[in-house]
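Asker: Note that our numbering has the sequence shown beginning at 7, numbered continuously upward.
We put the beta carbon where it would ideally sit given N, CA and C, even for glycine.
This structure is in structure tokens; I'll ask about it shortly.
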Amino acid sequence: MLTDDLSRELTPEQRSASPGRLLGGVAMTLGFTAVQLWALFELASLNSSGTVLVALVVIMSAAILVTVEAWRETFRLASAALRSPTDCDREPN
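Written out as structure tokens, the structure reads:
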């Protein structure tokens, strides 16, 4: 019997993610986060107004949401990989 919702929504490949896949995901997420922070500081130094400013705010807010979702997925895969296979089969006491 599955004991939590996290185990139910992961596929078998995600439940047994290899350390290399996790490390690659963390590296890509760190890189993407660094690029987003750099872009945020660069855009903050621009003297824009009107439509250009609105467009930049919309693009950066979407990029921040993507970054947050990437970190959530990374933490979800890491927590699933740290669990032992018997944790999914164990019944609650």
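1) Apply the 10 Å Cβ neighbour rule to Ala-86 and answer buried if 16 or more other Cβ atoms are within range, or exposed otherwise.
2) If we ignore side chains and look at the alpha-carbon of each, how far apart do Ser-51 and Gly-30 end up?
3) Under three-state DSSP, which class holds Leu-28?
4) Over the uninterrupted alpha helix (DSSP H) stretch that includes Ser-85, give me the two end residues.
5) My output table needs one value for Leu-52: the three-state DSSP class, helix, strand or coil.
6) Going by alpha carbons, who is nearest to Leu-46 out of Val-74, Met-66, Met-34, Phe-81?
Answerer: Considering the structure as presented:
1) buried
2) Cα-Cα distance, rounded: 32 Å.
3) helix
4) 57 to 88
5) coil
6) Met-66
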